[in-house]
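Residue numbers (the numbering used here), protein chains in the order written: chain A, 1 to 251; chain X, 252 to 497.
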């Protein structure tokens, strides 16, 4: 479980996150939604310490990340897996080397054990026979899957996904969403996903937080999101003509 | 103010670079890879440039020393001392600032904008140390060999020019490059090379590591890395010459 209390963040005296409090539950897919520029990515980067917060606390299972020194944070980060928007695979390494990278840096496993663990993770994301390929030789969807395999290779307790569907077609997006959801439940991970894809919200959003102009405006479940009475959220949810048509038909 | 802020950030980055490595074995492997990438891959360009510059220095010296009062072996001596004292360390350093410096700044800058550096940090790895320290060690260890190669090849280039043009007897040139040889000149050149290697790698890496934005900023960082490395190399040349030869 990750608990965020009164988090605020400013850049050059411009506040981009205002006093956000929220709890991300264990074993659930927690989605942060909002328009581009609403502060979702800054919020996620604050959660993992890539940005320092100006105020507030972030508790990873009651361990206050904000108050930790460099070494303690390093320890927590080893419990975190992260899927970046552009996958962030290392170009100079093969798929196998990319997934094995965290093991090479920190684990005491033998080479054979590491290779077995890498193959298990690649199989889990339904990738086979790609071990020796370089990221430049993979499709966007395959890169995301490799990045997921790398994120789970050390059995993380927390998984962060920043726009996991960006640049993917709707079918591949569904595959990636399902994969993240399955992994969350299978390994009982606290998963936090940044997205502005409403398909993802309706597919896997067990808990949804809506951020608008740096404020948390709403939180609830995917079942509740269609009828919130929040104008900003309605504008976001029913932005497309298709969604508007479905809404009018349902009335 | 901007200078002090930039210098402060450079010092902070270096303090992270020289922090204790997470896994020394991995850093050693990385250093060997960088020696190949930054050092071994520069041997070709160093040989080509040194052979031509050695030849040109010899011919220019010959055409500028027309007096019959000056012995011909002095042409070999002048070419040798020019190569040993300045060309093989400083000029090769400036060339490497262009080749290796831009390579480092653009590689690290691209890793920054594609979130690869964030990914390293998220794994609990000191990204500054992991990415920059092996490059610094690799160039500081390998570049002196490039300087020695440049010295040797430059002298061979001068000798070939002498043979091919007949500008002076080969025996005079060969006698000149051995005459009044001061071994300390090689030490001086190698010390300069090691300092230049540190400047090229750390300055270019600093600009790459601090890139913000997109491809345009990576290009700018690469240019800045080369320009500031070159200026600092010339400044270091002046200081080291005064300290070691005065």
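Cβ atoms here follow ideal geometry from the backbone N, Cα and C, with glycine treated the same way. Just so we're clear, the structure is a prediction, and the values are computed from it rather than from any experiment.
Tell me the rounded alpha-carbon separation between residue i and residue j.
i                      : j                      : result
residue 360 of chain X : residue 157 of chain A : 31 Å
residue 65 of chain A  : residue 388 of chain X : 34 Å
residue 468 of chain X : residue 454 of chain X : 16 Å
residue 76 of chain A  : residue 234 of chain A : 37 Å
residue 98 of chain A  : residue 150 of chain A : 7 Å
residue 244 of chain A : residue 238 of chain A : 5 Å
residue 119 of chain A : residue 168 of chain A : 24 Å
residue 180 of chain A : residue 147 of chain A : 11 Å
residue 38 of chain A  : residue 190 of chain A : 23 Å
residue 425 of chain X : residue 334 of chain X : 15 Å
residue 491 of chain X : residue 71 of chain A  : 39 Å
residue 366 of chain X : residue 162 of chain A : 11 Å
residue 62 of chain A  : residue 215 of chain A : 24 Å
residue 91 of chain A  : residue 134 of chain A : 7 Å
residue 439 of chain X : residue 487 of chain X : 12 Å
residue 482 of chain X : residue 74 of chain A  : 38 Å
For a cutoff of 8 Å on Cβ pairs, would you count residue i as touching chain A?
i                      : result
residue 273 of chain X : yes
residue 468 of chain X : no
residue 370 of chain X : yes
residue 359 of chain X : no
residue 277 of chain X : yes
Using DSSP with H/G/I as helix, E/B as strand and the rest coil, what is residue i?
i                      : result
residue 158 of chain A : strand
residue 466 of chain X : helix
residue 257 of chain X : helix
residue 321 of chain X : coil
residue 430 of chain X : coil
residue 243 of chain A : helix
residue 58 of chain A  : strand
residue 274 of chain X : coil
residue 302 of chain X : helix
residue 269 of chain X : coil
residue 63 of chain A  : strand
residue 82 of chain A  : strand
residue 166 of chain A : coil
residue 423 of chain X : helix
residue 172 of chain A : helix
residue 354 of chain X : helix
residue 263 of chain X : helix
Could you tell me the boundaries of the alpha helix (DSSP H) in which residue i lies?
i                      : result
residue 98 of chain A  : 95–106
residue 147 of chain A : 140–152
residue 401 of chain X : 378–416
residue 369 of chain X : 367–373
residue 134 of chain A : Premise fails: residue 134 of chain A is in no alpha helix (DSSP H) and is neither H nor E.
residue 440 of chain X : 435–460
residue 228 of chain A : Run containing residue 228 of chain A: none; DSSP gives neither H nor E here.
residue 44 of chain A  : 40–47
Between which two residues does the beta strand (DSSP E) harbouring residue i extend?
i                      : result
residue 30 of chain A  : 29–33
residue 234 of chain A : Premise fails: residue 234 of chain A lies in the alpha helix (DSSP H), 231–237, not in any beta strand (DSSP E).
residue 345 of chain X : Unbroken run through residue 345 of chain X is the alpha helix (DSSP H), 343–347; no beta strand (DSSP E).
residue 201 of chain A : From DSSP, residue 201 of chain A is part of no beta strand (DSSP E) but of the alpha helix (DSSP H) over 198–204.
residue 88 of chain A  : Taken as a continuous stretch (DSSP letters only), residue 88 of chain A belongs to no beta strand (DSSP E), as it is neither H nor E.
residue 220 of chain A : 215–220
residue 5 of chain A   : 2–11
residue 18 of chain A  : 14–24
residue 207 of chain A : 207–212
residue 192 of chain A : 190–195
Quick one: list the residues of chain X neighbouring residue i, beta-carbon separation under 7 Å, in chain order.
i                      : result
residue 88 of chain A  : 365, 366, 367, 369 and 370
residue 105 of chain A : 273, 274, 277, 374 and 376
Can you pull the chain A residues whose beta carbon is under 7 Å from the beta carbon of residue i, in chain order?
i                      : result
residue 373 of chain X : 48, 77, 80 and 82
Are any of the Cβ atoms in chain X nearer than 8 Å to that of residue i?
i                      : result
residue 74 of chain A  : yes
residue 109 of chain A : no
So with CB distances below 9 Å, who are the chain X contacts of residue i?
i                      : result
residue 102 of chain A : 374, 375 and 376
For a contact meaning CB atoms closer than 9 Å, what does residue i contact in chain A?
i                      : result
residue 400 of chain X : What residue 400 of chain X touches in chain A: nothing, since even the nearest Cβ is about 27 Å away.
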